[in-house]
Each structure stands twice: as C-alpha cells, then as structure tokens.
Amino acid sequence: MADPPLTPREAVAAMRIHAPTERNPKLSRFLENANANDKLKARWHMQQVTATRMDMNDHSWVHLQIVLNRALHLFRLLHRAGLESSMEKDFDLSHKDAEVVIAGGCLLHDLGMSIHRIDHEVYSLHLAADLLPELLGNVYEEPERTVVAAEITHAIIGHRKGGRPLTLEAGIVRVADALDMEQGRSRVAFETSLPNIHSLSAAAIDEVRIVPGSERAVRVEVAMNNSAGVFQLDELMATKLRGSGLEPHVELIARIDAEHEKRLLKVYQI
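Numbering-wise (full-length UniProt numbering), the sequence shown opens with residue 1 and increments by one.
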C-alpha cells in the first residue's frame, strides 16, 4: 500500500533552499525571505503536484535548488572571466545585485506549473509579480526594488522555449535550467512512462560539471554511460544555449565512458 501523500503543511515544512552566498548580504536576505514564505513554498508544492499528474520529471523545490546553485556557479565563473552583468552595465549596480536577479529567476521560473504546464512561463510572471514585493521588501528600496523585480521577471520569461534573453542574468537562468539533467533528471518531458528515446537518453547522463574553460570562460562537461545521452544534450542543452547570449563563452563537451564505447564527443560548440 502506498504511503499517504504529504499534507500541504508537511510538504512546505520540508522545504529549505541552500546556496553559497559568498558574502552577498542582499542574496542572503533574499534567500531568507524565500525560505520564510509559505505562500511561495505552497506554489512550489503545487508545481510538483502538476508535474506528477502529468507524469513529468521533477519540478519541485529540489529542481529549483539545483538550478540556483548551478546558475550562481556559472555566473561567478563568467564574472571572474571578465563578463559584466546587466545590473552593472545598465544600472551601475553591482554583481551582487545580479546574483539576486539570478536567484529570483531560478526560484520563480516554474511558478506557473502550479496552474498548468501549458503557458506556465506566462503564468509564472503574474505569480512572481504578486510575490516579489515580499521577497525583495527588506533587500531593496524603491526605485531599485522595481528594477530588480523587472529583471527577475525578464529572466523568468526568457527561460521558455523560443525565449530571447536580453541580459546575461536571464541567459544564465535559461542555461542553468537545462543543467539539471543528471541521472534521469531530464528537463525534456517524458511523453510516456514506457521506455523511449527521452527516458533512455535521460538515464544516460551520469554527471554534469561546470568548470573554467580553456578556449572559453566556462566548460560544461557531461559524463554519459551511453551515446543515447546525445539526444538529451541536443534537444535540451543545445536548444537552451542557442539564443541565450552565452554561446561565445560556454563550451559543451560530452564524454562517453562505457566498456562498449569510449570517446570524447563535442556535442555542441559555436
């Protein structure tokens, strides 16, 4: 007999987002606000309920935490390599403000899944607009608060298929969303519970590493146990990278390590 489902209160109580803030007090306060906001956490819970009803992959707070940590790591490597964030370039603010924008985009980008998968990116905008005054309340004063909220919502809409990020921060959120693909955690929705190219490809991804690159600022290394993982990378990672604005700065390398096939495969590089 299956265990009974968690009550909403139990589900919310289990959620806590962790990420390295690296002496960024604004990011620390933003994450504290998110962790203290039961309304936000209830939306996270409903995201996963919708995903479960549709037999989809994980869209819970666990996915959001993975995306957040990968996005911050990606941004910090790019920034150390000399790339300027949009918060610095357009508003004479700091890279620490860019980290708040990235965190907001990561934690709020799938809110619309609490309503429906179809057009969830647009629904996320409206739900985020309702929550952002509380989440940014003790982090910024006006008019900076509205500017940061606008940049967060831009990052949210930029993660959709065919989205066109206009900022470094939005491009990072878009790519980081795709980087949650280890050990079956595919971002490409399974169309059926039966084995198919989606499920086989997702199962082929063993590890994703984000490291400083040699030819480009960042190198994404993907370890696969089967060449079926190439489908996952082409349908997901390459699609998200294209149009993100990060193409000149990120190289994607896939390594296949299996007894029956050992080779280094460059899957996507501009």
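Ideal Cβ positions, reconstructed from N, Cα and C, are used throughout, including at glycine.
Rounded to whole angstroms, how far is the Cβ of residue i from the Cβ of residue j, which I believe are closer than 8 Å?
| i | j | result |
| --- | --- | --- |
| Val-218 | Leu-74 | 6 Å |
| Ser-212 | Leu-77 | The question names Ser, yet the displayed sequence has Pro at residue 212. At roughly 6 Å, the Cβ-Cβ gap stays under 8 Å, so Pro-212 and Leu-77 are in contact. |
| Pro-151 | Glu-169 | Note that residue 151 is Glu in the sequence shown, not Pro. The pair is a contact, with the Cβ atoms about 6 Å apart (cut-off 8 Å). |
| Leu-27 | Ala-103 | 6 Å |
| Val-67 | Ala-176 | 5 Å |
Can the beta-carbon of residue i be found closer than 9 Å to that of residue j?
| i | j | result |
| --- | --- | --- |
| Ala-155 | Leu-132 | no |
| His-109 | Glu-99 | no |
| Asp-180 | Asp-58 | yes |
| Gly-243 | Gly-163 | yes |
| Leu-107 | Ala-178 | no |
| Met-113 | Met-46 | yes |
| Val-220 | Leu-252 | yes |
Report the residue from the options whose alpha carbon sits nearest the alpha carbon of residue i.
| i | options | result |
| --- | --- | --- |
| Val-62 | Ile-210, His-18, Asn-138, Thr-50 | His-18 |
| Ser-227 | Asp-177, Lys-161, Arg-76, Ala-254 | Ala-254 |
| Arg-80 | Met-46, Ala-51, Lys-96 | Lys-96 |
| Leu-166 | Val-173, Gly-245, Leu-236 | Gly-245 |
| His-159 | Leu-27, Ala-13, Pro-5, Ala-71 | Ala-71 |
| Thr-50 | Val-220, Leu-111, Gly-229 | Leu-111 |
| Glu-215 | Ala-203, Ala-204, Gln-232, His-249 | His-249 |
| Val-101 | Phe-231, Phe-30, Val-220 | Phe-30 |
| Asp-206 | Asp-257, Leu-125, Leu-241 | Asp-257 |
| Glu-144 | Asp-92, Gly-171, Leu-125, Glu-32 | Asp-92 |
| Thr-153 | Arg-174, Ile-118, Val-139 | Arg-174 |
Is there a Cβ from chain C that is less than 9 Å from the Cβ of residue i?
| i | result |
| --- | --- |
| Val-148 | Structure shown: chain C not included; a single protein chain is present. |
I need the boundaries of the beta strand (DSSP E) containing residue i, first residue and last residue.
| i | result |
| --- | --- |
| Asp-206 | 205-212 |
Report the three-state DSSP secondary structure of residue i (helix, strand or coil).
| i | result |
| --- | --- |
| Ala-11 | helix |
| Met-224 | strand |
| Arg-70 | helix |
| Asp-257 | strand |
| Arg-219 | strand |
| Phe-190 | Below a pLDDT of 50, predicted positions are generally treated as unreliable, and Phe-190, at 44, falls in that range; the measurement from the model is reported next regardless. Phe-190: coil per DSSP, three-state reduction. |
| Leu-252 | strand |
| Met-113 | helix |
Assuming residue i is part of the alpha helix (DSSP H), what are its boundary residues?
| i | result |
| --- | --- |
| Pro-25 | 25-35 |
| Gly-245 | Here Gly-245 belongs to no alpha helix (DSSP H), and DSSP marks it neither H nor E. |
| Ile-105 | Inspection of the sequence shows that residue 105 is occupied by Gly rather than by Ile. Note, Gly-105: alpha helix (DSSP H), 95-108. |
| Arg-164 | Looking at the DSSP string, Arg-164 is not in any alpha helix (DSSP H), and its letter there is neither H nor E. |
If you measure from the CB of residue i, is any heavy atom of the ligand ZN nearer than 8 Å?
| i | result |
| --- | --- |
| Glu-84 | As far as ligands go, the structure on display features none, and thus does not contain the ligand ZN. |
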